[in-house]
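There are 2 protein chains.
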Amino acid sequence: MAARLQRMSRLMLKTLREDPADAETLSHRLLVRAGYVRRTAAGIWTWLPLGKQVLENVTRIVREEMDAAGAQEVLLPALLPREPYETTGRWTEYGELLFRLTDRKGADYLLGPTHEEIFTQVVKDQCTSYKDLPVMLYQIQTKYRDEARPRSGVLRGREFLMKDSYSFDTSDEELAESYRLHREAYVRIFTRLGLDHRIVSAVSGAMGGSASEEFLAPAAAGEDTFADCPSCGYAANTEAVTFPLKPAGNPLGHPPLQELDTPGTPTIETLAEHLGVPASATLKNLLVKVDGEITAVGVPGDREVDLGKLAEHLAPATVELVTAEDFTGRPALVRGYVGPQGLAGIALRYLADPRVAPGTSWITGANKPDTHARNVVCGRDFEVDEYLDVATVEPGDPCPSCGAGLRLDRAIEIGHIFQLGRKYADAFGLDVLGRDGKPVRVTMGSYGIGVSRAVAALAEQTADDKGLCWPDEVAPADVHLVAAGRGAQTELALELADRLAAAGVRVLVDDRTGVSPGVKFTDAELIGVPRILVVGRGAAQGLVELRDRRTGEREEVPVEAAVERLAG
Amino acid sequence: MAARLQRMSRLMLKTLREDPADAETLSHRLLVRAGYVRRTAAGIWTWLPLGKQVLENVTRIVREEMDAAGAQEVLLPALLPREPYETTGRWTEYGELLFRLTDRKGADYLLGPTHEEIFTQVVKDQCTSYKDLPVMLYQIQTKYRDEARPRSGVLRGREFLMKDSYSFDTSDEELAESYRLHREAYVRIFTRLGLDHRIVSAVSGAMGGSASEEFLAPAAAGEDTFADCPSCGYAANTEAVTFPLKPAGNPLGHPPLQELDTPGTPTIETLAEHLGVPASATLKNLLVKVDGEITAVGVPGDREVDLGKLAEHLAPATVELVTAEDFTGRPALVRGYVGPQGLAGIALRYLADPRVAPGTSWITGANKPDTHARNVVCGRDFEVDEYLDVATVEPGDPCPSCGAGLRLDRAIEIGHIFQLGRKYADAFGLDVLGRDGKPVRVTMGSYGIGVSRAVAALAEQTADDKGLCWPDEVAPADVHLVAAGRGAQTELALELADRLAAAGVRVLVDDRTGVSPGVKFTDAELIGVPRILVVGRGAAQGLVELRDRRTGEREEVPVEAAVERLAG
Chain A
0 MAARLQRMSR LMLKTLREDP ADAETLSHRL LVRAGYVRRT AAGIWTWLPL GKQVLENVTR
60 IVREEMDAAG AQEVLLPALL PREPYETTGR WTEYGELLFR LTDRKGADYL LGPTHEEIFT
120 QVVKDQCTSY KDLPVMLYQI QTKYRDEARP RSGVLRGREF LMKDSYSFDT SDEELAESYR
180 LHREAYVRIF TRLGLDHRIV SAVSGAMGGS ASEEFLAPAA AGEDTFADCP SCGYAANTEA
240 VTFPLKPAGN PLGHPPLQEL DTPGTPTIET LAEHLGVPAS ATLKNLLVKV DGEITAVGVP
300 GDREVDLGKL AEHLAPATVE LVTAEDFTGR PALVRGYVGP QGLAGIALRY LADPRVAPGT
360 SWITGANKPD THARNVVCGR DFEVDEYLDV ATVEPGDPCP SCGAGLRLDR AIEIGHIFQL
420 GRKYADAFGL DVLGRDGKPV RVTMGSYGIG VSRAVAALAE QTADDKGLCW PDEVAPADVH
480 LVAAGRGAQT ELALELADRL AAAGVRVLVD DRTGVSPGVK FTDAELIGVP RILVVGRGAA
540 QGLVELRDRR TGEREEVPVE AAVERLAG
Chain B
0 MAARLQRMSR LMLKTLREDP ADAETLSHRL LVRAGYVRRT AAGIWTWLPL GKQVLENVTR
60 IVREEMDAAG AQEVLLPALL PREPYETTGR WTEYGELLFR LTDRKGADYL LGPTHEEIFT
120 QVVKDQCTSY KDLPVMLYQI QTKYRDEARP RSGVLRGREF LMKDSYSFDT SDEELAESYR
180 LHREAYVRIF TRLGLDHRIV SAVSGAMGGS ASEEFLAPAA AGEDTFADCP SCGYAANTEA
240 VTFPLKPAGN PLGHPPLQEL DTPGTPTIET LAEHLGVPAS ATLKNLLVKV DGEITAVGVP
300 GDREVDLGKL AEHLAPATVE LVTAEDFTGR PALVRGYVGP QGLAGIALRY LADPRVAPGT
360 SWITGANKPD THARNVVCGR DFEVDEYLDV ATVEPGDPCP SCGAGLRLDR AIEIGHIFQL
420 GRKYADAFGL DVLGRDGKPV RVTMGSYGIG VSRAVAALAE QTADDKGLCW PDEVAPADVH
480 LVAAGRGAQT ELALELADRL AAAGVRVLVD DRTGVSPGVK FTDAELIGVP RILVVGRGAA
540 QGLVELRDRR TGEREEVPVE AAVERLAG
């Protein structure tokens, strides 16, 4: 079947030599410079012809593999009524991330950030018996999230294309199977896309390691950090790394608590230097307000509290930092010198990192100005109300699985698979008639791929200093044909373009007049079609040059050999 | 290449025996009953698996023909910033039809109802020279309009799928060529879709008949009415029918104006009956407020003023009906007895239908209670400030082209092509460098196809009392294979399904157990796949039944002959 032939003389394409001023990441710079995308508003993008083709290629691969996995394609609206999101509480929980609007009658609507609610309603309407399940539904559809800082081009937009799917089963075993089918489909999709990817655990071990996994594309521009263990293969988003709680012996076996005069040491750094101890020997206590109530969070002094993790752990409660005013009228709270041994007396909750285990001994604040205490022992001098993994993870931290040192890497989240369970089915009363004639509550899975983001992730992973460099199946063409000269060379190029297209090869031919060969070569490298075929001076002798965009290898070959190789 | 094989035992599909309570039109009833679409909110629809397939088939045909016409596909966002729509005035002009919203920073956005503004900006950014033009761009994208009365299912939704395209040229001749390319592509698209369609003039003759045409699909459920002439082939949306202004002789040749005592005749009906004259001999004068200013509109008494047409003619001015309060303090305006001969004195504008031509004589209000006047002559007793075609068109009205009687029919607008000219280019200063080195203002065309609406229009035109009945290329399958019985019949049906799919035939096979043959046949007719192949009792003798969904013809044929015929 004949393939697409595009002539650059007619293609709407303007390449740029300069990086756009606001571009932070490689993919953002190159996708704009090569004329694939154009900014319409903050985090809102237009896909120009070449960009739309790449997006469509990614979409096609996703669709083919979802179909092959047995999922059924549907299309839900983006403009959604408030009520179902009120039912699950997400109308409020999403906060400012949700675009909300009102119609002419004053009814509330939102632009869907994800569609669990509506899919649950659809299945409740369509499926009534266990015979109707399992069912896996997907859509490739536009999503909206009002990100606080939209950036990195199409990597994190406010309007973006997503493949979201949902599975509906009557048992945990069936859900596990739907999850497995999605996991395998995702591996096939990312492999076909040519995306280097890692599957990492996305939730704490306490919830079961297989209940949620992320597909990450390692890339410097990534906003996620994942930890992996070179020894045992453990891999997890740093947000999901959990350290086991290991009690460190008898709390009563330590020397007694001793107060230390430590003038001018309100920070861990000043304290550790003053005492000549490592920061890890000290206990840092951060005060936050959880739903307005002051709460202390303890982590070893060489760590920070990851506020994002903390907020996630405590959601839907709100988490704020305390301000100077919160200390007013609370003489027991001494700023910079808080110690957990003083908190029980004033009824403050104490949350701590698992390293603050029973039997561990710390140097920490003495709840008096300019004073610290040593030999402050967990289980003797203070108690932890709840253990939470909210400390930052550092390279070399012990692998929770085998104890070897963890590596940390940046990555882009390109997929997420999640065993939701019955949360949404409970909210909407989604039951089907079971084999025994009694209602069975349905259990769900939710699975997402960022389709427009995958384009950016691919650009990040495959580009080089010359420009984009697409994998075969995603590229806007199979071959970029450059007519280096006018007249006979352009004629031969166009003739070759016709022959290749007729043979099923997708061709982008640079037949522009008034553009120098140098500019054409630079553009070809920027645009990133995998193979470049140059019709230049050798054409008179029946020779053309075949270049590999990725390796830069060049080879002069007879015209017929080139056609045969490209069409073969 | 193997084609899609769908097993109904696994397909998410629930057909309904009863019409949905709120369904007004045939397509609405049947698309819901056959499980193609499901309502999510007023005018906002979910496309279920079979519906999504039909929508995708329509999309593919539109895309192929737009590509063949040389248009380039792009994808613009739906969430758009206010500024460009402020530049053209449409932020305000759209009124309540526009969905507006605010982001977390308080910036104003809208959901795009159509994208002229953004396309103009894109081209201004991408094209700088006459060499970059002509360019035709299109997208297949979701549009939003907050319709006052969303109804008729996907025929008139508030979120809908549209193909919109835009042409950019440097001369009127080139624009005419881009327009022609679109017109031809549209004919190919609607022909391939199997949509019976008419091309009608969509604007008044004064603006030039070819500047805007509509593609209408005749259907009882249509919201548009078009007039066509069986004699000369003239066809126009009734909104665009214009009648020539034909002066009717010397205004001074009539008898003098004479007042008549007509008690209790405030309506045309009562007046005509009282005087024993046809309604067409009377002149009806409607009072409206145009941007708040009272204005009279005169039409022959057997006509109504089409307020939609009037509003369109006077846009962007607002048009409202007068209320009782508007008569307060205006003794010269006597409700029910207004005549144009009294308006000049009180400085009221008088707009009128072309039939109120100079020299015509009328019976109309005398501007006194219970009094009318006869021999009220245009050009002698009153003047018309402006002639407008705002009267309703009636069957039998003279064709503006040849004078024969017009026919009127209901239709669905499925496409619109429009030579916009320089309105948007002027608003954004869209110039390119001309051949002579001087800037040339660009001229534009705008072209739309309602993709989701085309599905409904097809359903309207092709359905019968048994259900849907899709044309081949649009249908969700080529053949609907019904396993009438269990065991061997189901096995044979599945085997045939595999063979047909392998041969490239798209198959929907009803392999459901516990469903009677009668229900399966009813469902097959409701779903509307063009060919139905029944594997029933004859299967033991190697015979199957081939049914044509449209004609109802049935034929018993040997299995191999059926395969050959379907796969041939």
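Residue numbers (numbering that gives the first Met the number 0), protein chains in the order written: chain A, 0 to 567; chain B, 0 to 567.
Ideal Cβ positions, reconstructed from N, Cα and C, are used throughout, including at glycine.
On the three-state DSSP scale, how would you describe B/Ser451? If DSSP states are grouped into helix, strand and coil, B/Ser451 belongs with the helices.
Can you say whether B/Ile117 is buried or exposed, counting buried as having 16 or more other CB atoms within 10 angstroms of its CB? So B/Ile117 ends up on the buried side.
Using a Cβ-Cβ distance under 8 Å, would A/Met11 count as near chain B? At least one chain B Cβ lies under 8 Å of A/Met11.
Cβ shell of B/Ser8 (< 6 Å), same chain only, five flanking positions each side left out: Beyond the five residues adjoining it in sequence on each side, B/Ser8 comes within less than 6 Å, by CB distance, of Asp510, Arg511 in the same chain, given in chain order.
List, in chain order, every chain B residue whose beta-carbon is nearer than 7 Å to that of A/Val134. Met11
Can you check the region 369 to 395 of chain A for any beta strand (DSSP E) of at least 3 residues that lies completely inside it and give the ranges in chain order? 370 to 376
Pick helix, strand or coil for A/Asn249, following the three-state DSSP scheme. coil
What are the boundary residues of the beta strand (DSSP E) that A/His165 is part of? Note that residue 165 of chain A is Tyr in the sequence shown here, rather than His. Its beta strand (DSSP E) spans residues 158 to 168.
Suppose the cutoff is 6 Å on Cβ atoms and the five residues either side in sequence are ignored; what does the same chain contact list for B/Pro254 look like? Cβ neighbours of B/Pro254 beyond the five flanking positions: Asn374.
With 16 other Cβ atoms within 10 Å as the buried cut-off, status of B/Gly551: exposed
Name the one or two DSSP bridge partners that B/Tyr137 has. B/Glu72, B/Ser164
Please determine if the region 422 to 440 of chain A and the region 378 to 395 of chain A are in contact, where contact requires at least 3 C-beta pairs separated by less than 8 Å. no
What does a CB cutoff of less than 7 Å around B/Val504 pick up in its chain, not counting 5 residues either side in sequence? Ala2, Asp477, Val478, Leu565, Ala566
Cβ closer than 8 Å: which chain A residues qualify as neighbours of B/Glu158? Pro76, Ala77, Leu78
Check whether the Cβ atoms of B/Gln418 and B/Gly444 lie closer than 8 Å to each other. Yes, they are a contact pair.
Answer yes or no: do A/Ile576 and A/Val473 have a C-beta to C-beta separation smaller than 8 Å? Only positions 0 to 567 of chain A appear in this structure, which leaves residue 576 of chain A out of reach.
What residues are listed by DSSP as bridge partners for A/Asp227? A/Ala234, A/Arg406
Would you verify that the beta carbon of A/Lys308 is, or is not, closer than 8 Å to some beta carbon of chain B? no
Given B/Val558, which residues of its chain have a CB within under 6 Å of its CB, disregarding the five upstream and five downstream residues? Gly541, Val543, listed in sequence order.
Selection from A/Pro76, A/Glu292, A/Asp107 that minimises the alpha carbon distance to B/Phe159: A/Pro76
Is any beta-carbon of chain B found at less than 8 Å from that of A/Lys51? yes
Residue range of the beta strand (DSSP E) that includes B/Ile362: 360 to 367
Nearest CA to the CA of B/Asp301: which residue from B/Lys283, B/Ala310, B/Asp223, B/Arg421? B/Lys283
Residues sharing a beta bridge with A/Gly297, DSSP: Looking at the DSSP output, A/Gly297 sits in a beta bridge with A/Asn284, A/Ala351.
Check whether the region 245 to 253 of chain B and the region 314 to 323 of chain B touch, using three or more Cβ-Cβ pairs below 8 Å as the test. no
Going by alpha carbons, who is nearest to A/Arg16 out of A/Ala280, A/Glu72, A/Asp464? A/Asp464
Mind checking which residues open and close the alpha helix (DSSP H) that includes B/Gln5? Per DSSP, B/Gln5 belongs to no alpha helix (DSSP H); it is in the beta strand (DSSP E), 4 to 6.
Quick check on A/Phe98 - is its C-beta less than 8 Å from some C-beta in chain D? Structure shown: chain D not included; protein chains present are A and B.
B/Gln52: buried (16+ other C-beta within 10 angstroms of its C-beta) or exposed? buried
In angstroms with no decimal places, state the Cα-to-Cα distance between A/Arg348 and A/Glu292. 9 Å
Going along chain B, which residues have a C-beta under 9 Å from A/Pro569? Because chain A spans 0 through 567 in this model, residue 569 of chain A falls outside it and cannot be assessed.
Rounded to the nearest angstrom, what separates A/Ile411 and A/Pro217 at their Cα positions? 6 Å
With contact counted as at least three CB pairs below 8 Å, one residue from each stretch, are the region 399 to 410 of chain B and the region 160 to 177 of chain B in contact? Per the Cβ contact rule, the region 399 to 410 of chain B is not in contact with the region 160 to 177 of chain B (fewer than 3 Cβ pairs under 8 Å).
Kindly indicate which residue of A/Ala220, A/Glu63, A/Ser164 has the alpha-carbon position closest to the one of A/Arg191. Residue A/Glu63 is the option with its Cα nearest to A/Arg191.
Contacts around B/Thr58, its chain only, beta-carbon distance under 7 Å, and the 5 residues preceding and following it disregarded: Ile139, Val450
Would A/Ser128 be called buried (16 or more neighbouring beta carbons within 10 Å of its own) or exposed? Result: exposed.
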